[in-house]
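Numbering (our numbering), first residue to last: 998 to 1219.
Beta carbons are placed, not taken as given, at the ideal position from N, Cα and C, and that holds for glycine.
Bear in mind that the values here come from a model prediction, so they are computed numbers and not experimental data.
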């Protein structure tokens, strides 16, 4: 067999002098992802030579041995018991996060086998007000695994905070003897003074106090 990257060929296999009717030849040392031309030749016992026409084949691409490149690792939506981790990769790959309170991690999110380039994982069941270490992992279709460096986040505390609300009467206090404050319909004790009232209440850390005036002139805190 003669073979090469053009119809000039340039290379030949070693001659096999055995007289057979079924022929095979193996080619080695070829370049990956390359079109090769070849033709075959056979000579009978009488010395008559037959030469085929030109044929071609393309060698396979080299194996993928490069892991996905991970970038844009971000932790967000930090809550008392959860957080979201997102990142991107330069090729389609799966999604998983290792996390824990040290660089030993100890926990992992469920593996998402979908091959994507934009990744997002919500971590739940976290302890409030705790610093967590995490790293992200993505494996491509060829089995190459990309692993990020170590990152940290501290999720929200679920501890309550004391909020003091003060209300100033616009005129003499006697007009406001029936002034009341309620949270979810439950009246709270007031500390009255000559010109207003004060109330203390506990709300979750980072909570919101919303004031709404009821139809009967009360302030309802929800």
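Could you spell out the range, first to last residue, of the beta strand (DSSP E) harbouring residue i?
i            : result
residue 1017 : Looking at the DSSP string, residue 1017 is not in any beta strand (DSSP E), and its letter there is neither H nor E.
residue 1115 : 1109 to 1121
residue 1003 : Counting along the chain, residue 1003 falls outside any beta strand (DSSP E), and DSSP gives it neither H nor E.
residue 1091 : 1079 to 1097
residue 1047 : 1046 to 1048
residue 1143 : 1142 to 1144
residue 1253 : Here the chain comprises residues numbered 998 to 1219, so residue 1253 is not present and cannot be evaluated.
residue 1055 : 1052 to 1055
Let me know if residue i comes out buried or exposed under the rule of 16 or more other beta-carbons within 10 Å of its beta-carbon.
i            : result
residue 1005 : exposed
residue 1074 : exposed
residue 1051 : exposed
residue 1129 : buried
residue 1020 : exposed
residue 1122 : exposed
residue 1120 : buried
residue 1080 : buried
Mapping the DSSP letters down to three states, classify residue i as helix, strand or coil.
i            : result
residue 1137 : strand
residue 1033 : strand
residue 1105 : strand
Going by beta-carbon coordinates alone, are residue i and residue j separated by less than 8 Å?
i            : j            : result
residue 1056 : residue 1029 : yes
residue 1092 : residue 1039 : no
residue 1094 : residue 1131 : yes
residue 1143 : residue 1077 : no
residue 1054 : residue 998  : no
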